[in-house]
Amino acid sequence: MRVSIHTYGTRGDVQPYIALALGLKASGHEPLLAAPEQFADFVSSHGIAFSPLPGEMLALIDDPAAQAVLEGSSGFGGGLKLIGRMRPAIGRLLAAEWTAASDARPDVLVHHPKSLASPGIAEKLGIRAVLASPLPGFTPTAAFPSPMLPVRSLGPLNRMSHRLAVEGGERIYRKEIGHWREAVLGLPARGQYGEPAATLYAYSSAVLPKPADWGADVHVTGYWFLDGDRSRGLDPALAAFLDGGPPPVYVGFGSMPSVAAEQRTRIVLAALEQAGVRGLLAIGGGALLRMKAPDSVMMIEGAPHDLLFPRVAAVVHHGGAGSTAAGLRAGRPTVICPFFGDQPFWGRVVAQAGLGPEPLSRKRLSVESLAAAIREAVGSPQIGRRAREVGEAIRAEDGVPEAVAVIESVFDRGI
Numbered sequence: 011m012r013v014s015i016h017t018y019g020t021r022g023d024v025q026p027y028i029a030l031a032l033g034l035k036a037s038g039h040e041p042l043l044a045a046p047e048q049f050a051d052f053v054s055s056h057g058i059a060f061s062p063l064p065g066e067m068l069a070l071i072d073d074p075a076a077q078a079v080l081e082g083s084s085g086f087g088g089g090l091k092l093i094g095r096m097r098p099a100i101g102r103l104l105a106a107e108w109t110a111a112s113d114a115r116p117d118v119l120v121h122h123p124k125s126l127a128s129p130g131i132a133e134k135l136g137i138r139a140v141l142a143s144p145l146p147g148f149t150p151t152a153a154f155p156s157p158m159l160p161v162r163s164l165g166p167l168n169r170m171s172h173r174l175a176v177e178g179g180e181r182i183y184r185k186e187i188g189h190w191r192e193a194v195l196g197l198p199a200r201g202q203y204g205e206p207a208a209t210l211y212a213y214s215s216a217v218l219p220k221p222a223d224w225g226a227d228v229h230v231t232g233y234w235f236l237d238g239d240r241s242r243g244l245d246p247a248l249a250a251f252l253d254g255g256p257p258p259v260y261v262g263f264g265s266m267p268s269v270a271a272e273q274r275t276r277i278v279l280a281a282l283e284q285a286g287v288r289g290l291l292a293i294g295g296g297a298l299l300r301m302k303a304p305d306s307v308m309m310i311e312g313a314p315h316d317l318l319f320p321r322v323a324a325v326v327h328h329g330g331a332g333s334t335a336a337g338l339r340a341g342r343p344t345v346i347c348p349f350f351g352d353q354p355f356w357g358r359v360v361a362q363a364g365l366g367p368e369p370l371s372r373k374r375l376s377v378e379s380l381a382a383a384i385r386e387a388v389g390s391p392q393i394g395r396r397a398r399e400v401g402e403a404i405r406a407e408d409g410v411p412e413a414v415a416v417i418e419s420v421f422d423r424g425i
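Mapped onto this note's numbering, the consecutive letters of the sequence shown carry residue numbers 11 to 425.
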């Protein structure tokens, strides 16, 4: 079975799909991963066939104006300008996705929700499409609102909010998508393909149970982990620091915008001191900066989460799906300070599941609020017990084989 996997976004939007591709390959299938060109070496190093997608939209994240939008400091007008800057790139992205799929001639197309081309490609090729996401925001449910909304519940409007989120990208870029469908695919501007053949959600039901109103075609498989080379171990200096005292609290915000990074770093250092704990700061993404710190704190560019997190007391991060999954699998209490997107949602999920304190406000982050959250995370017996229980449940799951089995069943059913 030939499987094209299409995804777009930052590392957290690519890494789980490499794990899925490896699972398909191990089962005797032929996966191709189409992802931003920035990840060519990362994907190819795992022996997976790769098709590059234009990376210009992803590169916008490093632009100061775009960072201001993501930080929420440029207002609604700034968001509209950012969308406008992306429009010229949409056509090139759609074309590159079609090239990848038409060259590969897949039997099944597996795609991230950000792949706006995939429904049209599946329609043109006459194959089945499988929607695959680390975020449960693309199947309507009454259980919770769209994860892209900063609210716990909209009551009777919960289901509607998911539908709007599903259609959001298509609505914003309807003109570009319609032109591409007509000019390149030879299809009507508006698609008629309908629902995906199956939907895969790559997270654990131990963290967020599957809603009762989801059908049998929707699968919560468990996380898709791509672990590092365990034979290499941790950097010797990092290992020595970990061995040199009580387990530290890990603080890292991934590739989040670097606006106010110096102030944020000073708050983190002071909060660790106030909480009376050792600290480990991941500064590789730019949201935290290297600066003078006490001996009780070590700053690192990064380290494999699967090796590092089991050795820390708690994890403090932005709430990205990958970071959240890694911390919970390690059985560690989690403190989330979300920046944007689905991160507030994971913050709420973690708190509601008793795996950490309430998420912190990034805009109102203070030494006192962060220190209090750290003390609660490392000092609460209830949080510690729940974190260990959920960690054991996640480690007992095997999300990739479950996802592979669903994809195989879709192929076996035919179009």
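We put the beta carbon where it would ideally sit given N, CA and C, even for glycine.
CA-to-CA distance, I28 to I293, given in whole angstroms: By 1-based counting over the sequence shown, the position of residue 293 is 283. By 1-based counting over the sequence shown, the position of residue 28 is 18. I293 and I28 have their C-alpha atoms some 25 Å from each other.
Using DSSP's beta-bridge definition, name the partner residues of G57. The count along the sequence shown starts at 1 and reaches residue 57 at position 47. None; G57 has no bridge partner.
When R242, A110, G409 are compared against L32, the one with the closest alpha-carbon: As a first step, residue 32 is located in the sequence shown; it is residue number 22 there, counting from the start. Selected option, being the one with the closest Cα: G409.
May I have the straight-line CA-CA distance separating R97 from E186, to the nearest angstrom? Within the sequence shown, residue 97 is the residue found at index 87, counting from 1. Within the sequence shown, residue 186 is the residue found at index 176, counting from 1. Rounded to whole angstroms, the gap between the alpha carbons of R97 and E186 is 8 Å.
L291 vs V261 beta-carbon contact at 7 Å: On the sequence shown, position 281 is the one that residue 291 refers to. On the sequence shown, position 251 is the one that residue 261 refers to. Taking 7 Å as the Cβ cut-off, L291 and V261 qualify as a contacting pair.
Assuming R12 is part of the beta strand (DSSP E), what are its boundary residues? By one-based count along the sequence shown, residue 12 stands at place 2. Boundaries of the beta strand (DSSP E) around R12: 12–16.
According to DSSP, what are the bridge partners of A292? In the sequence shown, residue 292 corresponds to position 282, counting from 1. Answer is G262, I310.
Inter-residue spacing [alpha-carbon to alpha-carbon] between E368 and A199: In the sequence shown, residue 368 corresponds to position 358, counting from 1. In the sequence shown, residue 199 corresponds to position 189, counting from 1. Roughly 45 Å separates the two Cα atoms.
Return yes when the Cβ of V325 is within less than 7 Å of the Cβ of R342, no when it is not. In the sequence shown, the residue the question calls residue 342 occupies position 332. In the sequence shown, the residue the question calls residue 325 occupies position 315. Yes, Cβ-Cβ distance for R342 and V325 is below 7 Å.
Give me the Cα-Cα distance between A413 and R12, rounded to the nearest whole angstrom. Numbered from 1 along the sequence shown, position 403 holds the residue referred to as residue 413. Numbered from 1 along the sequence shown, position 2 holds the residue referred to as residue 12. About 15 Å.
Tell me the rounded alpha-carbon separation between M308 and F251. Against the sequence shown, residue 308 aligns to sequence position 298. Against the sequence shown, residue 251 aligns to sequence position 241. It is roughly 7 Å from the alpha-carbon of M308 to the alpha-carbon of F251.
Let me know the secondary structure DSSP gives Y429 once reduced to three states. Because the chain is modelled from 11 through 425, residue 429 falls outside the range shown and cannot be assessed.
Same chain, Cβ closer than 8 Å to A132, five either side skipped, listed in chain order: Mapped onto the sequence shown, residue 132 falls at position 122. Excluding its 5 nearest sequence neighbours in each direction, A132 has C-beta neighbours in its own chain below 8 Å: L119, R138, A139, Y203, listed in chain order.
Residues bridged to R138 [DSSP beta-bridge criterion]: Reading the sequence shown from its first residue, position 128 is the one you call residue 138. DSSP links R138 through a beta bridge to V118.
Just to confirm, is the Cβ distance from V377 to A281 under 7 Å? Within the sequence shown, numbered from 1, the residue matching residue 377 stands at position 367. Within the sequence shown, numbered from 1, the residue matching residue 281 stands at position 271. Contact: yes.
With V287 as the anchor, note down where its alpha helix (DSSP H) starts and where it stops. Numbered from 1 along the sequence shown, position 277 holds the residue referred to as residue 287. Premise fails: V287 is in no alpha helix (DSSP H) and is neither H nor E.
Rounded separation between A105 and L63 - CA only: The residue given as residue 105 occupies position 95 in the sequence shown. The residue given as residue 63 occupies position 53 in the sequence shown. Answer to the nearest angstrom: the Cα atoms are 9 Å apart.
Going by the CB atoms, is the gap between G101 and G201 shorter than 7 Å? For this step, residue 201 is matched to residue 191 along the sequence shown. For this step, residue 101 is matched to residue 91 along the sequence shown. No.
Quick one: complete beta strand (DSSP E) runs, 3+ long, within the region 166–210? With a minimum length of 3 residues, no continuous beta strand (DSSP E) run stays inside the region 166–210.
Decide if D113 is buried, meaning its Cβ has at least 16 other Cβ atoms within 10 Å, or exposed. On the sequence shown, position 103 is the one that residue 113 refers to. For D113, the number of other beta carbons within 10 angstroms of its own is below 16, and it is reported as exposed.
So is S333 buried or exposed if we call it buried at 16+ other beta carbons inside 10 Å? Taking the first residue of the sequence shown as position 1, residue 333 is located at position 323. Answer is buried; the Cβ neighbour count reaches 16.
If the criterion is Cβ atoms closer than 7 Å, does the pair G366 and V345 meet it? Here residue 366 refers to the residue found at position 356 of the sequence shown. Here residue 345 refers to the residue found at position 335 of the sequence shown. For G366 and V345, yes; Cβs fall inside 7 Å.
Grab the span of the beta strand (DSSP E) containing E407 for me, first residue to last. Reading the sequence shown from its first residue, position 397 is the one you call residue 407. Segment: none, E407 is in no beta strand (DSSP E) and carries neither H nor E.
H327 - containing beta strand (DSSP E), residue span: Residue numbering aside, residue 327 sits at position 317 when the sequence shown is read from its first letter. Segment 324–327, the beta strand (DSSP E) holding H327.
Once the 5 residues before and after H10 are set aside, which same chain residues still bring their CB inside 7 Å of it? Outside the displayed span of the chain (11 to 425) sits residue 10, for which this structure offers no information.
Applying the 10 Å Cβ sphere with the 16-neighbour rule, what's the burial state of Q353? Reading the sequence shown from its first residue, position 343 is the one you call residue 353. Buried, since its Cβ has 16 or more Cβ neighbours within 10 Å.
Ordered along the chain, which non-local residues of its own chain (more than five positions away) have a Cβ less than 6 Å from that of A335? Here residue 335 corresponds to residue number 325 of the sequence shown, with the count starting at 1. Y233, listed in sequence order.
Leaving out the 5 sequence neighbours to the left and right, which residues in its chain are closer than 7 Å to V230 when beta-carbon positions are compared? As a first step, residue 230 must be located in the sequence shown, where it is residue number 220. Contacts found: Y211, Y213, S215, K220.
Which word fits R288, buried or exposed, when buried means at least 16 other C-beta atoms lie within 10 angstroms of its C-beta? Here residue 288 refers to the residue found at position 278 when the sequence shown is read from its first residue. Classification of R288: buried, given that the 10 Å Cβ count is 16 or more.
CB L34 to CB A59, shorter than 7 Å? Looking up residue 34 in the sequence shown gives position 24. Looking up residue 59 in the sequence shown gives position 49. For L34 and A59, no; Cβs fall outside 7 Å.
Since A152 contacts D245 with CB under 8 Å, what's their CB separation in whole angstroms? As a working note, residue 152 is residue 142 in the sequence shown. As a working note, residue 245 is residue 235 in the sequence shown. At roughly 47 Å, the Cβ-Cβ gap does not stay under 8 Å, so A152 and D245 are not in contact.
So what's V278 in DSSP terms, helix, strand or just coil? Residue 278 sits at position 268 when you count from the first residue of the sequence shown. DSSP places V278 in helix when its eight states are reduced to three.
Considering only their Cβ atoms, is the gap separating S14 from P123 smaller than 7 Å? Numbered from its first residue, the sequence shown carries residue 123 at position 113. Numbered from its first residue, the sequence shown carries residue 14 at position 4. For P123 and S14, no; Cβs fall outside 7 Å.
Where do the N-terminal and C-terminal ends of the alpha helix (DSSP H) with T334 fall, by residue? Taking the first residue of the sequence shown as 1, we reach residue 334 at position 324. Membership of T334 in the alpha helix (DSSP H) is indicated by the continuous run 331–339.
By DSSP, does A152 sit in helix, in strand, or in coil? On the sequence shown, position 142 is the one that residue 152 refers to. In the structure shown, A152 sits in coil (DSSP, three-state: anything other than H, G, I, E or B).
Let's test the definition: count the other Cβ atoms within 10 Å of the Cβ of G312 and tell me whether it reaches 16, buried, or not, exposed. Within the sequence shown, the letter at position 302 stands for residue 312. Looking at its Cβ environment, which holds fewer than 16 other Cβ atoms inside 10 Å, G312 is exposed.
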